[in-house]
Structures are given as structure tokens and as C-alpha cells.
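Same order as they appear, the protein sequences are chains D and B. The first sequence runs 15 to 237 under our numbering. The second sequence runs 7 to 372 under our numbering. Every residue, glycine too, gets a C-beta built ideally from N, C-alpha and C.
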Amino acid sequence: MDWQALKVSLELAFWTSFFLFPIGVFVGRALAVRQLPFRPVIQSLIFLPLVLPPTVLGYYFLVAIAPDALLGSGWFWLTGRPLAFTFEGLLMVSLIANLPFAIQPVQNSFAAIDSDVRDAARVCGLNFWQALWKVELPLAWPGLLSAFLLTFTHTLGEFGVVLMVGGNLEGETRTLSIAIYDEVQALNMTAAGQMSLLLLVLAFVSLLLVQWKTQRFADKGQR
Amino acid sequence: MSDQTLLGLEASLRSKGQIPLEIDLHCAPGEILALIGPSGSGKTTFLRSLAGLYNELEGYVRCQGRFWLNSQERICLKPEQRRVGMVFQQYALFPHLNALDNLLLAMTHLPKSDRQFRALAMLERVNLAGLENRLPHQLSGGQRQRVALARALASEPDLLLLDEPFSAVDQVTRFRLRRELARLRKQIDIPILLVTHDLDEAMQLSDRICVLHHGELLQVVSPRELMQRPVSPDVARLLGLQNIFSGRVMEVEQDSLLLDWDGCSIRIAQSASYELGQQVSWIAPPQSILLQRPDRPVQGDSENPVAGTLTELVVMGPHASVRVTPNHAPELPLSFFIPLHYVERQQLHEGMAVSLSLKVHSLHVF
Numbered sequence: 015m016d017w018q019a020l021k022v023s024l025e026l027a028f029w030t031s032f033f034l035f036p037i038g039v040f041v042g043r044a045l046a047v048r049q050l051p052f053r054p055v056i057q058s059l060i061f062l063p064l065v066l067p068p069t070v071l072g073y074y075f076l077v078a079i080a081p082d083a084l085l086g087s088g089w090f091w092l093t094g095r096p097l098a099f100t101f102e103g104l105l106m107v108s109l110i111a112n113l114p115f116a117i118q119p120v121q122n123s124f125a126a127i128d129s130d131v132r133d134a135a136r137v138c139g140l141n142f143w144q145a146l147w148k149v150e151l152p153l154a155w156p157g158l159l160s161a162f163l164l165t166f167t168h169t170l171g172e173f174g175v176v177l178m179v180g181g182n183l184e185g186e187t188r189t190l191s192i193a194i195y196d197e198v199q200a201l202n203m204t205a206a207g208q209m210s211l212l213l214l215v216l217a218f219v220s221l222l223l224v225q226w227k228t229q230r231f232a233d234k235g236q237r
Numbered sequence: 007m008s009d010q011t012l013l014g015l016e017a018s019l020r021s022k023g024q025i026p027l028e029i030d031l032h033c034a035p036g037e038i039l040a041l042i043g044p045s046g047s048g049k050t051t052f053l054r055s056l057a058g059l060y061n062e063l064e065g066y067v068r069c070q071g072r073f074w075l076n077s078q079e080r081i082c083l084k085p086e087q088r089r090v091g092m093v094f095q096q097y098a099l100f101p102h103l104n105a106l107d108n109l110l111l112a113m114t115h116l117p118k119s120d121r122q123f124r125a126l127a128m129l130e131r132v133n134l135a136g137l138e139n140r141l142p143h144q145l146s147g148g149q150r151q152r153v154a155l156a157r158a159l160a161s162e163p164d165l166l167l168l169d170e171p172f173s174a175v176d177q178v179t180r181f182r183l184r185r186e187l188a189r190l191r192k193q194i195d196i197p198i199l200l201v202t203h204d205l206d207e208a209m210q211l212s213d214r215i216c217v218l219h220h221g222e223l224l225q226v227v228s229p230r231e232l233m234q235r236p237v238s239p240d241v242a243r244l245l246g247l248q249n250i251f252s253g254r255v256m257e258v259e260q261d262s263l264l265l266d267w268d269g270c271s272i273r274i275a276q277s278a279s280y281e282l283g284q285q286v287s288w289i290a291p292p293q294s295i296l297l298q299r300p301d302r303p304v305q306g307d308s309e310n311p312v313a314g315t316l317t318e319l320v321v322m323g324p325h326a327s328v329r330v331t332p333n334h335a336p337e338l339p340l341s342f343f344i345p346l347h348y349v350e351r352q353q354l355h356e357g358m359a360v361s362l363s364l365k366v367h368s369l370h371v372f
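The following block contains the structure:
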């Protein structure tokens with residue numbers, strides 16, 4: 015078992031989910047509730063990482079973070095570190111790759127809230143933030159939980175983008191899925207099997223958790 | 007400016023958006039104003055405009071002397087800044103909160119120590135004592151409606167808006183809830199706007215009725231006046247009134263007109279001025295029509311006698327729906343209801359010759 019790779023994987027998955035959570039809430043809510051101009055365009059852009067080969071996303075990201083490109087030079091100017099083949103770079107591309115997982119479940123659960131209920135909260139004297147905190151988030155939380163867990167699990171399993179952008183630096187960008195690939199290449203099937211099993215169990219448990227929580231919420235008839 | 011206009015609700019609104027709206031009205035404290043009109047007539051949009059939920063508007067809304075909206079002075083308060091209580095059509099209770107918490111969430115303007123006590127008192131006022139811990143889905147339709155009403159009143163609003171509050175419950179519950187509202191309103195000294203498409207409901211509950219069509223206010227009158235003197239044939243049709251005809255003015259006297267109705271003379275008490283030869287529309291409201299058997303004597307003079315044939319008689323519960331075809335113009339039948347016992351006593355049947363009397367003072371010329 016490559017513990018260092020596991021640590022990188024868990025850290026990447028956690029921070030990706032963590033940073034995408036508020037983005038998911040506000041973008042998801044806006045897409046569900048507001049009459050946005052260019053909504054189909056925005057929606058398509060968000061879904062793009064789902065259908066693009068990870069290599070394509072990785073390629074464009076590498077172009078964007080090249081030392082002479084805007085993002086790459088800006089980041090270097092800010093932090094003194096490059097983005098290519100670093101954990102930060104990996105995290106950044108992971109945020110983009112996981113947008114559909116962070117936004118879609120949240121959007122669905124906000125869309126399922128009766129618009130009269132939202133209006134009622136305001137008429138009852140709650141301002142936007144109070145209404146969000148006391149009415150909308152409690153009603154949308156199965157979607158928020160799903161978004162968090164799906165993002166977490168999907169990041170754990172990410173392979174192509176990680177390889178393109180992060181490379182395979184031990185302790186920095188080598189994740190569990192890459193370590194598995196390495197072990198298989200080296201015909202070290204036992205180690206690959208252990209790590210694969212761990213990823214399998216993690217993924218299954220979090221999907222189970224999503225299903226279970228969503229089901230219980232529906233059973234309580236709160237929708 | 008008189009106190010009367012400073013208090014209560016005063017609204018003058020024009021829509022700038024897709025939905026047409028052109029409404030000027032005033033509602034006094036304690037008054038129930040019913041807004042009726044067909045679907046899409048702008049009733050709900052108007053309520054939402056007052057609550058601050060629809061804002062593509064010009065004009066003003068003033069309630070209890072305070073401007074909620076004044077497009078000239080760029081005042082537009084947010085919904086939470088207006089003191090308004092609203093009962094939504096499907097109640098819009100917060101589904102994750104029990105009845106008590108639904109009310110408490112509407113009381114954030116009160117000191118925390120007061121809220122619980124007041125919320126419980128309010129629930130008791132709408133006959134929900136003991137059900138405060140139930141979630142909305144554990145309540146019946148009628149109970150949910152009561153929670154919604156209690157929540158709307160819990161915020162101590164300056165204006166109460168009811169958007170078809172009785173449409174989502176069964177008939178029996180509807181009557182009970184109407185009665186409860188009629189009783190409750192005596193304790194509420196704020197303007198109340200009731201949106202409904204049910205004319206009976208408007209008649210039973212309101213002090214005045216506003217008829218809306220395509221976002222425009224066609225008439226604002228007392229329920230009684232509305233049925234007797236609708237302002238236009240459009241309003242009469244919206245109210246479901248039948249027997250709207252046209253006629254030509256033949257004689258104009260000080261307090262009445264004589265119309266030529268396709269060869270039959272009709273006298274109508276009317277003080278407004280019309281010109282000789284003018285084409286007018288007139289209506290025979292339900293209370294203006296008397297049906298008689300020509301072979302049985304009647305006491306006194308018959309007003310506007312119209313001879314005809316009873317061409318349709320359909321029993322509908324305690325009433326019978328009747329259609330009478332006048333002899334002079336068979337293409338212009340009159341339809342109305344008569345009590346079933348009258349049908350039985352007079353032994354009325356389809357095909358028999360009858361005589362109608364149209365009461366001079368109950369007919370109406372537009």
C-alpha cells in the first residue's frame with residue numbers, strides 16, 4: 015500500500031470537495047432559481063468535463079498554466095511556485111473537472127423546492143441569507159451531501175487529468191489511482207489489488223451513503 | 007388627504023413586464039376586498055406585486071401611510087421589509103418545520119421570549135391547539151390552511167393577502183374554513199385582499215368585489231350591486247350571468263327607457279341618459295325574471311310580459327334550470343333557475359306555453 019499516494023488522494027479529494035461546496039451552492043441555486051441569460055451555454059460548459067476526454071481538459075489546462083500564459087505567470091507572480099506538476103495545479107484542474115458533480119445535484123435539489131416556499135420565507139420577514147439558511151439549505155441538504163460525496167469519490171478515482179497535469183511525483187502529485195497504474199505496469203498485482211479494493215470500498219460506501227440519506231429524506235415525506 | 011386614504015392600502019400599479027396589469031384601488035382597514043376574474047386575469051400577479059414578489063411595475067403601493075413602492079421616488083421595499091402576511095394557494099408551509107416552528111420563523115421581528123407564547127396563542131386562535139408539533143405532511147388540508155393563515159397573521163402584518171386560500175380543500179372543509187375566516191376577520195383590523203375565482207366565495211366573504219380581466223380592473227362594487235348592476239356586458243359574462251341581449255331605444259323618459267327587443271317592447275327603470283334609436287345592451291339578472299303559467303291568474307299587473315315556450319327543464323338538486331324561448335324571437339332564449347317545489351306545484355314540463363314577467367326595476371341597461 016502506497017500510503018503517501020493515499021494521503022495525496024484524500025487531501026486532493028477533500029480540498030476539491032471543500033472548495034467546490036460553496037461554488038456548487040451558489041451556482042447550482044442560481045441555475046435552478048434565476049432566469050439567467052445564456053443559461054444553456056453555462057449549463058453546457060459545466061457539463062463539459064463529464065464528456066470530454068480528461069486528456070483534452072488536461073491539455074488546455076497545461077496550455078493555460080504555461081509559464082508565459084496568463085494563469086501560469088499570474089500564479090507564479092503571486093506564490094513564486096509554478097502550477098504545472100504541483101499539488102496546487104492538480105487541485106485547480108480537479109476543481110474544474112468536478113464542476114458537474116458539485117453543481118448538478120445541488121441544482122436539482124434547489125429546483126425541487128416549491129417557489130412559493132421560497133417566496134413565503136421572504137414574506138415571513140426573512141432576508142435572503144436568513145431564508146437561505148433556515149429554509150432553502152435544510153430542504154436542499156440531500157443534494158448538498160450528494161454533491162460533496164460525489165465530488166470526493168470522483169476525485170479519488172480521477173486518473174487522466176491527474177496524469178496530464180500533475181505528472182507522477184511522489185508525495186506531491188502521485189495519487190492512489192496513479193500508484194495502481196504504476197504497480198500494474200510493474201506487474202505487482204498484489205499491491206495494485208489492495209489499493210483497488212480500498213478505492214472500490216470507499217466509492218461504494220459513499221454512494222451508498224448518498225442513496226441512503228436521500229431515501230430517508232424522501233421517506234420522511236419532507237418533500 | 008383624509009385619514010381614510012392614509013390608512014389601509016392604496017395601490018396604483020401599471021406593469022412594465024410581460025404580464026398586463028393596470029389597477030388602482032383602495033382597501034380600508036378591516037375591509038375584505040375580493041379580487042375575482044378568470045385564470046390569467048392578473049389576480050395573483052397583483053397580490054405578488056403588493057407583497058414585493060413581482061417588481062416590474064410603475065406606480066405606488068402605500069399601506070398604513072407608508073410607501074412600500076413608489077416608482078417615481080425609486081422606493082421599492084423588499085418583501086421582508088413590507089409588513090405583509092400572505093396565504094399561498096398551496097399554503098407554501100415550510101415542509102421541514104412543524105406547525106409551531108412555521109409560525110416562529112415568521113416572528114423574527116419580536117423579542118425571542120415573546121415568540122413561543124404568541125405562536126401558541128395564534129395556533130389556538132385558528133383551532134389548532136395540540137397540533138403544534140406536527141409537520142405539514144402530517145396535517146390535513148384544512149389544518150394546513152389554518153397553519154398558513156396563522157403564520158400569515160403571526161408576523162402582525164399591516165396587510166393580509168389570501169391567494170385562493172380555499173381552493174385546495176374539499177367542499178365541506180371549504181365551507182368551515184370560510185366561516186372561520188368570516189369570524190376571524192372581526193378581530194383583524196387590517197386590509198384583507200382575497201383572490202378567488204369562486205363568485206360565491208367572494209359574495210360570502212367580501213365587502214367589495216373587484217372584477218379583473220386581462221390585468222385591468224373592470225369594476226369595484228359591493229357584492230349585491232355587482233350582481234344587479236354589472237358595469238359592462240364583459241363583467242356580466244365574467245360573472246357567469248346569462249340573458250344579455252341588445253335592443254334599440256324607442257322612448258326616453260325621466261326615469262325609464264322603452265327598448266325594442268327584436269319586436270318586443272321592454273321597459274327598464276334607468277336614470278342615465280340614452281339617445282333615441284341608440285343600440286344598447288341590457289341584461290335580465292336572475293332576480294328580474296318571474297315565470298307564470300298563462301292559464302293561471304296572476305295578481306296585479308305583469309311587468310314586461312313575454313310569451314314563450316318552456317323548451318328545457320333540467321332538475322339540478324333543489325333547483326331546476328329552465329330555458330324559455332320567446333315567441334317573438336325564438337333565437338334569443340332566456341335561461342334561469344327556479345325552485346324545484348315551484349316546478350312541482352305548477353306542474354311545469356317541457357314544451358308547455360309559459361309567460362315571463364321581466365321586472366322593470368331589476369333589469370339593467372349597460
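query                                                                                                                                       : result
D:ALA19 and D:ALA193 closer than 8 angstroms at C-beta                                                                                      : yes
Backbone CA spacing between D:PRO63 and B:GLU37 [nearest angstrom]                                                                          : 59 angstroms
B:ALA5 and B:LEU200 closer than 8 angstroms at C-beta                                                                                       : No statement about residue 5 of chain B is possible, as the shown extent of chain B runs from 7 to 372 and does not include it.
Reference B:LEU244; option with closest CA among B:CYS216, B:SER271 and B:GLU257                                                            : B:CYS216
According to DSSP, residues forming a beta bridge with B:ASP30                                                                              : B:SER18
Residues near B:GLN70 in its chain [Cβ-Cβ closer than 7 angstroms; skip 5 each side]                                                        : LEU13 and ASP164
Burial state of D:GLN118, where buried means 16 or more other Cβ atoms lie within 10 Å                                                      : buried
Proximity of D:THR165 and D:LEU104 at Cβ, strictly below 8 angstroms                                                                        : no
Where B:PRO324 sits in the DSSP three-state scheme                                                                                          : coil
Endpoints, beta strand (DSSP E) assigned at B:GLU231                                                                                        : Run containing B:GLU231: none in the beta strand (DSSP E); it sits in the alpha helix (DSSP H), 229-234.
Where D:ASP16 sits in the DSSP three-state scheme                                                                                           : coil
Helix, strand or coil at B:PRO332 according to DSSP, with G and I counted as helix                                                          : strand
Interface residues of the segment 112-143 of chain D facing chain B [CB-CB below 8 angstroms]                                               : ASP128, ASP130, VAL131, ASP133, ALA134, ALA135, ARG136, VAL137, CYS138, GLY139, LEU140 and ASN141
Any chain B beta carbon closer than 8 angstroms to D:PRO156                                                                                 : no
D:ARG53 - DSSP class collapsed to helix/strand/coil                                                                                         : helix
Coarse secondary structure for B:GLY253, derived from DSSP in three states                                                                  : strand
Among D:LEU153, D:LYS148, D:TYR195 and D:TRP155, the one whose alpha carbon lies nearest that of D:GLU172                                   : D:TYR195
Contacts around D:THR253, its chain only, beta-carbon distance under 6 angstroms, and the 5 residues preceding and following it disregarded : Residue 253 of chain D cannot be examined here, being either before or after the span of chain D that is shown, 15 to 237.
Terminal residues of the alpha helix (DSSP H) in which D:TRP155 lies                                                                        : 151-171
Reduced DSSP secondary structure (H/G/I, E/B, other) of D:PHE101                                                                            : helix
Burial state of B:LEU219 (16 or more Cβ within 10 Å)                                                                                        : Contrary to the premise, residue 219 of chain B reads as His rather than Leu in this sequence. Classification for B:HIS219: buried.
Coil, strand or helix - B:VAL366 by DSSP                                                                                                    : coil
is_contact[B:GLN122, chain D] using C-beta, thresh 8 angstroms                                                                              : no
Same chain, Cβ closer than 7 angstroms to D:GLU9, neighbours up to 5 away in sequence not counted                                           : With chain D covering only 15 through 237, there is no way to say anything about residue 9 of chain D.
Cutoff 8 angstroms: B:MET92 Cβ touching any chain D Cβ                                                                                      : yes
Chain D contact for B:PRO15 (CB, 8 angstroms cutoff)                                                                                        : The identity of residue 15 of chain B in the sequence shown is Leu, whereas the question assumes Pro. No, no contact with chain D.
Which of helix, strand or coil DSSP assigns to D:ILE110                                                                                     : helix
Chain-ordered neighbours of B:HIS203 on chain D, where CB pairs are closer than 9 angstroms                                                 : What B:HIS203 touches in chain D: nothing, since even the nearest Cβ is about 18 angstroms away.
B:TYR348 burial status per 10 Å Cβ neighbour count (16 or more: buried)                                                                     : exposed
Interface positions of the segment 75-86 of chain B facing chain D (Cβ-Cβ less than 9 angstroms), listed along the chain                    : LYS84, PRO85 and GLU86
Stretch pair the segment 56-72 of chain D + the segment 132-144 of chain D: three plus CB contacts closer than 8 angstroms                  : no
Interface flag, B:SER6 vs chain D, CB-CB below 8 angstroms                                                                                  : In this structure chain B extends from 7 to 372, so residue 6 of chain B is not present and cannot be described.
Anticipated Cβ contact below 8 angstroms, D:LEU163 with D:SER220, distance rounded                                                          : 4 angstroms
Cβ of D:VAL47 within 8 angstroms of any chain B Cβ                                                                                          : no
Three-state class that DSSP yields for B:LEU141 in the structure shown                                                                      : coil
Residue range of the alpha helix (DSSP H) that includes B:MET358                                                                            : Run containing B:MET358: none; DSSP gives neither H nor E here.
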